[in-house]
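Enquirer: Quick mapping for you: the protein sequence lines, in order, are chains B and G.
Here this note's numbering is used: the first residue of the first sequence is 80, the next is one more, and so on.
Here this note's numbering is used: the first residue of the second sequence is 80, the next is one more, and so on.
We treat Cβ as the ideally placed atom computed from N, Cα and C, and that holds for glycine.
Can you read through this structure? Questions will come right after.
2 protein chains.
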Amino acid sequence: MSDLLPLFQPKSVALIGASSNSKKYGYWTAKSLVENKFEGDIYFVSRSGGELFGLPTYPDILEVPGEVDLAIIAIAPKFILSVMEQCVEKGVKSAIVVSTGFGETGPEGKELERKMLEIARKGNMRVQGPNCMGTYSAAKSMNASIIDLAPGPMSLVLQSGNFGIDINFNAKSRNLGYSCWATIGNQMDLRFHDFVEYVETDDETKVLLLYMEGLRVESEEDGRKFIEAAKRTAAKTPIAAIKIGRSAAGARAAASHTGSLAGSEKIFDAALKQAGIIRVDSPGQLLDVAEAFSKCKPANGKRIAVLTDGGGHGVMATDFAEKFNLEAPVLSDATQAKLQEILMPHCPIKNPVDLAGTPEADMWVFDRCLDVLLDDPDVDGVIIVGLYGGYADLSEEFRVLEMDVAKSMVKKISEANKPVVMQSIYQPQHPECLEYISENGVPVFGAVDAAVRTMGVLAGYSDLKKSLQEEAGEELPVMPSDRKEKAEAVLNAVKASGRTNLVETEARSVLRCYGLDIMEDYLATNADEAADFYKKIGGKVVMKIVSPDILHKTDAGGVALNIDSEDKARDAFEQLMKNGRRYKSDADIFGVMMTAMLPGGVECIIGSSHDNTFGPTVMFGLGGIFVEILKDVAFRVAPVNMPSCRSMIREIKGLGMLQGARGSKPCDLEALAETVCIISQMVNELRDIAEVDLNPVFALEKSLSIADARIVLHG
Amino acid sequence: MSDLLPLFQPKSVALIGASSNSKKYGYWTAKSLVENKFEGDIYFVSRSGGELFGLPTYPDILEVPGEVDLAIIAIAPKFILSVMEQCVEKGVKSAIVVSTGFGETGPEGKELERKMLEIARKGNMRVQGPNCMGTYSAAKSMNASIIDLAPGPMSLVLQSGNFGIDINFNAKSRNLGYSCWATIGNQMDLRFHDFVEYVETDDETKVLLLYMEGLRVESEEDGRKFIEAAKRTAAKTPIAAIKIGRSAAGARAAASHTGSLAGSEKIFDAALKQAGIIRVDSPGQLLDVAEAFSKCKPANGKRIAVLTDGGGHGVMATDFAEKFNLEAPVLSDATQAKLQEILMPHCPIKNPVDLAGTPEADMWVFDRCLDVLLDDPDVDGVIIVGLYGGYADLSEEFRVLEMDVAKSMVKKISEANKPVVMQSIYQPQHPECLEYISENGVPVFGAVDAAVRTMGVLAGYSDLKKSLQEEAGEELPVMPSDRKEKAEAVLNAVKASGRTNLVETEARSVLRCYGLDIMEDYLATNADEAADFYKKIGGKVVMKIVSPDILHKTDAGGVALNIDSEDKARDAFEQLMKNGRRYKSDADIFGVMMTAMLPGGVECIIGSSHDNTFGPTVMFGLGGIFVEILKDVAFRVAPVNMPSCRSMIREIKGLGMLQGARGSKPCDLEALAETVCIISQMVNELRDIAEVDLNPVFALEKSLSIADARIVLHG
């Protein structure tokens with residue numbers, strides 16, 4: 080049973096700090112509970128005594144006669160600890176602390192929260208807030224907030240009361256309400272992942288919306304729990320989120336607003352994608368998405384048909400289709416033939432289907448053409464744009480007709496297995512036929528871009544579900560079973576020597592523990608050894624200085640390429656050692672590493688860094704100019720499986736480089752994916768590692784070669 | 080005097096086809112003219128006789144007693160030629176043909192338009208339409224359309240009546256009206272550039288809006304005239320445009336909707352930029368821009384301050400700032416000190432300035448903080464976001480206060496020299512204080528993104544004006560004065576031989592005529608010559624087969640690199656000739672071209688192609704993977720001057736490659752700009768040229784080298 084069941088479906092609620100003073104939170108909340116007709120027992124706890132909204136009050140929670148599932152606490156911080164002790168004594172299962180003056184005010188408030196949490200944990204009581212605006216639950220008709228909320232298909236979890244007001248204001252105008260609604264405040268105990276997890280079990284929720292300023296993380300596991308909870312929920316119920324702090328300036332502002340430690344925006348964005356969350360930019364878009372998932376069937380593909388009575392609006396919808404990741408292909412000959420029978424010769428029918436003035440003569444063309452499009456197996460969704468809803472202004476006859484046609488279209492849409500969204504320039508006027516359509520499963524927008532963007536989200540969700548399924552699998556490359564112990568031995572030796580930087584030979588041996596097919600390397604400590612090693616390796620050899628004190632080997636003159644004889648190996652050894660000492664006279668130089676020099680392929684980077692919110696991550700990108708100039712890289716929170724790694728590689732803008740650009744042969748993408756995957760598993764298992772940088776990695780026609788490897792441990 | 084003066088400011092209007100049948104265009108238009116109180120004489124021409132709206136009717140235009148400046152023609156196509164003849168006979172100065180059934184219906188209609196135009200030209204009468212929805216002009220209070228239009232600061236020129244309805248519907252809800260409004264229909268005579276040109280002279284227009292499906296072009300000059308007219312007007316009055324047909328599918332749809340030949344979208348986009356036109360995506364954005372330019376002062380820079388009473392809304396505004404090309408820098412210490420005196424310690428003041436609950440205690444903090452921000456010389460504009468306008472709901476006292484503060488803020492804004500835009504979640508409710516603010520110079524939006532995007536446009540306009548000024552200059556590289564004749568001699572020789580492809584030696588000689596510092600080349604016709612030429616050139620030499628029948632020299636084995644001796648030159652000559660003949664046995668081979676082999680620099684492409692709408696264009700991009708995989712190229716309609724060429728180079732995403740990426744030295748950007756500029760002048764002067772492709776061009780630390788040159792003539 081979810082810990083949040085007593086929060087969203089309590090049999091009884093106690094409001095502690097209930098008040099008859101109409102300027103107080105304790106009054107507004109009491110009013111909301113009563114007026115919204117909570118389907119359970121309400122107990123008001125007030126030190127002033129007397130009745131409130133016709134109900135008795137109790138001096139403290141211990142005096143309340145029945146059991147209490149949920150306590151709503153609206154009292155000053157100085158009383159909070161004793162009140163919470165009492166709640167625990169009473170056996171209250173969950174609490175919402177709406178009062179302010181806690182962690183958000185500074186260290187003292189944070190200390191108070193620590194003590195509160197201690198009490199709550201002791202009593203096994205889960206706590207929402209503090210510093211929040213309460214909760215709503217349609218299941219029990221419970222409005223434990225001060226906002227006027229209505230039941231409906233959305234659930235909304237927010238980190239800001241003002242956005243709650245903003246979104247609700249606009250939701251009302253769309254006749255959209257909530258199954259669960261919660262403002263999570265300081266996230267002292269209950270955090271985003273708890274609510275996301277709860278919604279997985281709530282069948283009334285058709286779409287889950289999140290407004291996020293940042294996760295509260297005390298350990299990396301909090302970030303990971305959020306991803307895992309979202310993945311499970313998103314596979315069943317679409318999740319859309321706003322996450323602010325996207326820009327550098329915005330991140331700075333978010334940090335000063337919420338006090339939350341800002342992780343990297345790029346990683347957060349990647350984590351949302353990984354979690355199957357649809358990220359949107361604005362409250363308007365959030366509600367567009369909510370409306371679509373509340374009303375429509377998801378689309379099975381990206382191929383849409385546009386039906387319009389305004390040529391320009393049709394073209395504009397087609398333009399936006401491309402922008403929002405849809406396709407508006409030329410309709411099949413069979414479909415065009417059927418449309419030709421319905422429409423006049425001058426009407427374009429390829430897609431968009433442009434009624435071009437025919438509705439004035441016969442309004443039923445809308446219905447008949449829609450029927451043809453819904454029937455076409457090559458059409459995954461239909462977007463109707465233009466002027467429907469405005470014909471009523473022309474005559475009473477048209478008004479009646481418009482409504483009749485609307486009813487017929489709605490019926491056909493409800494029977495079809497694909498979504499239809501609509502745009503009408505008259506939508507802001509709310510004409511009756513559009514209201515009817517909107518109330519019966521077809522979102523109607525005022526703007527073409529909103530309609531098409533929303534269809535794009537509907538179509539994207541089937542892909543998203545598919546990739547969630549794929550990425551839920553266990554497909555991993557083969558790795559040696561003793562990898563962890565062996566690698567830890569290397570890391571421990573490094574730590575024992577007081578270092579956090581692994582030299583390249585050490586980094587390579589760690590990679591080798593994980594089964595990465597990395598070239599043999601040899602550490603020469605004198606010129607004779609260098610000559611001997613050359614004999615072993617043969618051909619062309621690379622020599623690099625090995626020293627924990629020399630990180631930028633090239634700058635130090637510590638790299639020699641194309642060594643092709645024993646003598647040259649000898650000379651190079653002496654030269655590199657000399658250069659190293661000149662660069663840093665007290666450098667601890669382990670020797671010179673020698674490896675075979677492989678033919679170069681396409682330059683890539685594979686790496687890992689540590690994110691404040693999500694912990695170890697993994698990165699793949701094209702190297703050289705691509706990473707330096709175009710920042711063309713893909714991220715994931717580690718660990719990831721093979722399908723995720725394949726999709727990381729596909730995300731790269733310069734993917735063509737790896738697929739055989741300019742007449743060259745395609746690279747071994749599977750080998751790249753395996754290496755990315757193994758690195759992600761490695762950094763997840765070896766939490767001492769702070770950073771990995773394999774750069775460059777040369778992608779080859781078969782396999783790959785890791786030309787340089789760097790590993791840094793946490794300090 | 081503009082040809083369009085009689086159209087927008089007629090002293091007298093005749094409506095030909097006036098009707099008392101309330102289902103006819105001739106009735107609706109008569110009604111609009113009369114009800115809108117046209118400030119001039121109205122003459123109704125109707126074959127039915129009788130009175131209409133209290134005015135007499137005349138059987139034909141020749142019977143009309145006074146002079147007629149403008150005839151509005153609403154009659155069936157079969158009568159059009161005789162009516163137009165009569166108009167010409169009467170000396171009518173301009174006409175609007177609102178009837179349909181002309182060029183849009185097919186070849187017969189196009190032929191009819193040709194005859195109409197002949198008549199109009201003969202009588203020096205300019206014609207708008209046919210197939211349009213008329214004209215509105217506030218100057219004469221003339222509504223010669225069937226839409227309910229009001230006076231105001233916008234002018235709007237449209238290619239679609241439905242969009243006219245759409246935009247007007249939304250303009251009304253914003254209290255925005257028009258100075259000039261015109262639907263241009265089939266553009267038989269008057270085209271976009273005529274209207275854009277007219278608006279330059281209309282001081283009442285604060286912003287010009289265009290809705291475009293495509294230009295009607297009969298020669299390339301039509302496209303160029305549009306660019307030139309827009310440039311002049313945009314330097315004085317901002318122009319914003321929607322151009323549909325952006326995507327491939329959209330372009331296909333636009334072509335079938337308007338029948339206009341679609342030019343390249345990339346070129347159209349470049350042309351709009353070049354013309355100083357702000358391109359937007361949707362009618363909503365078009366009106367946002369219109370409202371901003373109608374109400375606000377332009378911003379002198381991109382640095383904005385965000386003032387908010389909703390922390391999340393403030394962060395969101397800051398995020399959008401980056402997206403919409405603005406900066407939200409940390410405010411100066413001096414400004415922060417002033418804000419600190421006004422606000423409580425917990426309020427963030429770095430930017431955004433977050434009132435964080437203080438307005439409930441003292442509403443005047445809005446006014447005082449705004450004052451500080453308007454006064455800061457490092458702030459170019461202020462965006463207010465959040466909940467202003469909703470305080471009135473809390474109490475009567477707040478309602479009065481909100482209005483008083485609004486009045487004070489509006490006064491300060493009107494006195495300041497920078498724009499302020501606002502967003503409030505309560506905007507859709509139109510509370511009185513927001514209405515007041517909106518009517519007094521501050522656009523108020525419901526969505527944060529709309530507010531910030533609009534500020535971005537206000538800030539971008541000063542840059543746009545600056546670059547229009549720069550690009551209006553005459554700065555060109557030095558070119559030989561006899562370039563045109565000499566180059567034409569080469570082209571004529573090619574044409575005389577029945578070819579359209581220049582071989583490389585010919586292409587190079589054309590470039591040399593234009594003063595491009597291109598390496599000497601030598602055409603060897605036998606092995607001995609090849610050896611002799613090698614002696615002359617020395618070092619390393621490139622040899623390429625020269626044949627109009629072999630376009631893909633590499634594929635044909637027609638290129639030899641690194642030739643470094645006379646013997647090798649001899650051998651290479653024989654081998655190349657053999658390869659050429661094997662590739663195409665009947666190829667006409669002119670010989671083998673020899674040039675010095677220069678060290679490679681950064682690979683670029685400079686080229687030109689011919690656009691259906693705008694004629695010769697010029698292109699610059701980075702070569703190799705950048706063009707093949709990233710399509711990283713900049714376009715302009717030719718000719719362009721040096722400042723434009725410099726900005727083309729700066730547009731490239733991979734610009735860093737030319738500025739010295741990865742430790743290499745920066746390239747000679749000025750030499751690249753000069754070459755682009757000269758090519759643009761060349762293709763403008765030599766209209767026989769259809770295509771130029773200099774690929775690769777190697778950008779060097781000093782100067783550049785053109786390694787291959789291809790020129791194709793129109794067939």
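Flag this pair as yes or no: are the beta carbons of A332 (chain G) and E344 (chain G) separated by less than 8 angstroms?
Expert: As a working note, residue 332 (chain G) is residue 253 in the second sequence. As a working note, residue 344 (chain G) is residue 265 in the second sequence. It is not a contact, given that the beta carbons lie outside the stated cut-off.
Enquirer: Could you check whether the Cβ of L473 (chain G) sits closer than 7 angstroms to any heavy atom belonging to the ligand NAP?
Expert: Judged by which ligands are present, the structure shown has none, so any question about the ligand NAP falls away.
Enquirer: For a test of the three-state rule: what should DSSP assign to V143 (chain G), helix, strand or coil?
Expert: The residue labelled residue 143 (chain G) in the question sits at position 64 within the second sequence. The answer is coil: DSSP assigns V143 (chain G) none of H, G, I, E or B.
Enquirer: Evaluate L141 (chain G) with the Cβ neighbour count: other Cβ atoms within 10 Å of its Cβ, from every protein chain shown; 16 or more gives buried, anything less gives exposed.
Expert: Residue mapping note: residue 141 (chain G) aligns to position 62 of the second sequence, counting from 1. It is exposed - the Cβ of L141 (chain G) has fewer than 16 other Cβ atoms within 10 Å.
Enquirer: Could you give the residue range of the alpha helix (DSSP H) that holds S493 (chain B)?
Expert: As a first step, residue 493 (chain B) must be located in the first sequence, where it is residue number 414. It spans E475 to E494 - the alpha helix (DSSP H) in which S493 (chain B) sits, taken as one unbroken run.
Enquirer: Since I believe G680 (chain G) is in contact with N774 (chain G) (beta carbons under 8 angstroms), could you give me their beta-carbon distance rounded to a whole number of angstroms?
Expert: On the second sequence, residue 774 (chain G) is found 695 positions in, with the first residue counted as 1. On the second sequence, residue 680 (chain G) is found 601 positions in, with the first residue counted as 1. That belief does not hold up - the Cβ atoms of N774 (chain G) and G680 (chain G) are roughly 14 angstroms apart, past 8 angstroms.
Enquirer: Would you say A635 (chain G) faces chain B, with C-beta separation under 8 angstroms as the test?
Expert: On the second sequence, position 556 is the one that residue 635 (chain G) refers to. With 8 angstroms as the cut-off, A635 (chain G) does not count as an interface residue toward chain B.
Enquirer: Would you mind giving the Cβ-Cβ distance between V461 (chain B) and L449 (chain B), rounded to the nearest angstrom? I have them listed as a contact below 8 angstroms.
Expert: Residue numbering aside, residue 461 (chain B) sits at position 382 when the first sequence is read from its first letter. Residue numbering aside, residue 449 (chain B) sits at position 370 when the first sequence is read from its first letter. Confirmed, about 7 angstroms.
Enquirer: What's the C-alpha gap between G170 (chain G) and E146 (chain G)?
Expert: As a first step, residue 170 (chain G) is located in the second sequence; it is residue number 91 there, counting from the start. As a first step, residue 146 (chain G) is located in the second sequence; it is residue number 67 there, counting from the start. Between G170 (chain G) and E146 (chain G), the C-alpha separation is close to 8 angstroms.
Enquirer: What residues in the stretch 382-400 of chain B bring their beta carbon closer than 7 angstroms to a beta carbon of chain G?
Expert: Against chain G - using a Cβ distance shorter than 7 angstroms - the residues of the stretch 382-400 of chain B are G389, G390, G391, H392, G393, V394, M395, T397, D398 and A400.
Enquirer: Hey, which unbroken runs of the beta strand (DSSP E) at 3 residues or more fall wholly within the stretch 86-119 of chain B?
Expert: For the stretch 86-119 of chain B, whole beta strand (DSSP E) runs of length 3 or above, ordered along the chain, are 91-95.
Enquirer: Taking the beta carbon of K172 (chain G) as the centre, do at least 16 other beta carbons fall within 10 Å, making it buried, or is it exposed?
Expert: For this step, residue 172 (chain G) is matched to residue 93 along the second sequence. Buried, by the Cβ-count rule.
Enquirer: In angstroms, rounded to a whole number, what distance separates the CA positions of M534 (chain B) and A369 (chain B)?
Expert: Mapped onto the first sequence, residue 534 (chain B) falls at position 455. Mapped onto the first sequence, residue 369 (chain B) falls at position 290. C-alpha separation (whole angstroms): 12 angstroms.
Enquirer: Curious, which full-length beta strand (DSSP E) runs of at least 3 residues does the stretch 667-707 of chain B contain?
Expert: As far as the stretch 667-707 of chain B is concerned, its whole beta strand (DSSP E) runs of at least 3 residues are 670-675, 681-687 and 694-701.
Enquirer: Would the stretch 198-210 of chain G count as touching the stretch 263-275 of chain G if we require 3 or more Cβ pairs under 8 angstroms?
Expert: Taking 8 angstroms as the limit for Cβ pairs, the verdict is that the stretch 263-275 of chain G does touch the stretch 198-210 of chain G.
Enquirer: Can you tell which of G:E553, G:V394 and G:Q88 has its C-alpha closest to the C-alpha of V531 (chain G)?
Expert: Looking up residue 531 (chain G) in the second sequence gives position 452. For the residues G:E553, G:V394 and G:Q88, the minimum Cα distance to V531 (chain G) belongs to G:V394.
Enquirer: Taking 8 angstroms as the limit between beta carbons, can you name the residues of its chain near G338 (chain G), skipping five residues before and five after?
Expert: Counted from its first residue, the second sequence places residue 338 (chain G) at position 259. Unreliable positioning characterises G338 (chain G) in this predicted model, as indicated by a pLDDT of 47, which lies under 50. A coordinate reading is not provided.
Enquirer: Mind checking if L466 (chain G) is an interface residue toward chain B, Cβ cutoff 8 angstroms exclusive?
Expert: On the second sequence, residue 466 (chain G) is found 387 positions in, with the first residue counted as 1. Yes, L466 (chain G) counts as interfacial toward chain B.
Enquirer: So, with DSSP's three-state summary, where would you put G231 (chain G)?
Expert: Working through the second sequence from its first residue, we reach residue 231 (chain G) at position 152. Strand, per DSSP.
Enquirer: Taking the alpha helix (DSSP H) that E283 (chain G) belongs to, which residues open and close that run?
Expert: The residue you call residue 283 (chain G) lines up with position 204 of the second sequence. Taken as a continuous stretch (DSSP letters only), E283 (chain G) belongs to no alpha helix (DSSP H), as it is neither H nor E.
Enquirer: Is the shortest distance between the beta-carbon of I504 (chain B) and the beta-carbons of chain G less than 8 angstroms?
Expert: Indexing the first sequence from 1 puts residue 504 (chain B) at position 425. At least one chain G Cβ lies under 8 angstroms of I504 (chain B).
Enquirer: Between the stretch 305-320 of chain G and the stretch 355-368 of chain G, do at least 3 Cβ pairs fall closer than 8 angstroms?
Expert: Because the criterion of three Cβ pairs below 8 angstroms is met, the stretch 305-320 of chain G and the stretch 355-368 of chain G touch.
Enquirer: By the three-class DSSP mapping on this structure, what secondary structure does L783 (chain B) have?
Expert: To locate residue 783 (chain B), count along the first sequence from 1; it is residue 704. L783 (chain B) falls in the strand class under three-state DSSP.
Enquirer: Between A603 (chain B) and G659 (chain B), what straight-line distance do the alpha-carbon atoms span, to the nearest angstrom?
Expert: Along the first sequence, read from residue 1 onward, the residue named residue 603 (chain B) stands at position 524. Along the first sequence, read from residue 1 onward, the residue named residue 659 (chain B) stands at position 580. A603 (chain B) and G659 (chain B): Cα-Cα distance of roughly 14 angstroms.
Enquirer: Does any residue of chain G bring its CB to less than 8 angstroms from the CB of G700 (chain B)?
Expert: As a first step, residue 700 (chain B) is located in the first sequence; it is residue number 621 there, counting from the start. So no, G700 (chain B) is outside the interface.
Enquirer: Under 8 angstroms between the Cβ atoms of M233 (chain G) and L269 (chain G)?
Expert: Taking the first residue of the second sequence as 1, we reach residue 233 (chain G) at position 154. Taking the first residue of the second sequence as 1, we reach residue 269 (chain G) at position 190. Not closer than 8 angstroms, so no.
Enquirer: Could you check if Q238 (chain G) is buried or exposed, using at least 16 other CB atoms within 10 Å of its CB as the buried criterion?
Expert: On the second sequence, residue 238 (chain G) is found 159 positions in, with the first residue counted as 1. Q238 (chain G) is buried by the Cβ-count criterion.
Enquirer: Figure out for me which residue from G:K402, G:T397 and G:V451 has the closest Cα to the Cα of I421 (chain G).
Expert: In the second sequence, residue 421 (chain G) corresponds to position 342, counting from 1. The residue with the shortest Cα to Cα distance from I421 (chain G) is G:V451.
Enquirer: If we call anything under 8 angstroms between Cβ atoms a contact, is F693 (chain G) one with A350 (chain G)?
Expert: Here residue 693 (chain G) is taken as the residue at index 614 of the second sequence, counted from 1. Here residue 350 (chain G) is taken as the residue at index 271 of the second sequence, counted from 1. Going by C-beta atoms, F693 (chain G) is nearer than 8 angstroms to A350 (chain G).
Enquirer: For C724 (chain G) and T754 (chain G), what's the separation of their Cα atoms in angstroms?
Expert: As a first step, residue 724 (chain G) must be located in the second sequence, where it is residue number 645. As a first step, residue 754 (chain G) must be located in the second sequence, where it is residue number 675. Roughly 9 angstroms between the two C-alpha positions.
Enquirer: In chain order, what are the residue ranges of uninterrupted alpha helix (DSSP H) at least 4 long that sit wholly in the stretch 736-786 of chain G?
Expert: Within the stretch 736-786 of chain G, the complete alpha helix (DSSP H) runs of at least 4 residues are 748-764.
Enquirer: How should M575 (chain G) be labelled, buried or exposed, when 16 other C-beta atoms within 10 angstroms of its C-beta is the threshold for buried?
Expert: The residue you call residue 575 (chain G) lines up with position 496 of the second sequence. According to the sequence shown, residue 575 (chain G) is Ala rather than Met. Exposed, because fewer than 16 other Cβ atoms sit within 10 Å of the Cβ of A575 (chain G).
Enquirer: Put N241 (chain G) into one of helix, strand or coil per three-state DSSP.
Expert: Translated into positions along the second sequence, residue 241 (chain G) becomes position 162. Correct three-state label for N241 (chain G): helix.
Enquirer: Beta-carbon of A341 (chain G) versus every beta-carbon of chain B: anything under 8 angstroms?
Expert: Locating residue 341 (chain G) in the second sequence gives position 262, where the first residue counts as 1. Low local confidence applies: a pLDDT of 47 at A341 (chain G) is under 50, so the model's placement there is unreliable, with the coordinate-based value given in what follows. Not an interface residue.
Enquirer: Counting beta carbon pairs with one atom in the stretch 84-94 of chain B and one in the stretch 151-161 of chain B, are three or more of them shorter than 8 angstroms?
Expert: With a cut-off of 8 angstroms, the stretch 84-94 of chain B and the stretch 151-161 of chain B count as touching, because enough Cβ pairs lie within range.
Enquirer: Within this structure, are the beta carbons of I244 (chain B) and T108 (chain B) separated by less than 8 angstroms?
Expert: Here residue 244 (chain B) refers to the residue found at position 165 of the first sequence. Here residue 108 (chain B) refers to the residue found at position 29 of the first sequence. Not closer than 8 angstroms, so no.
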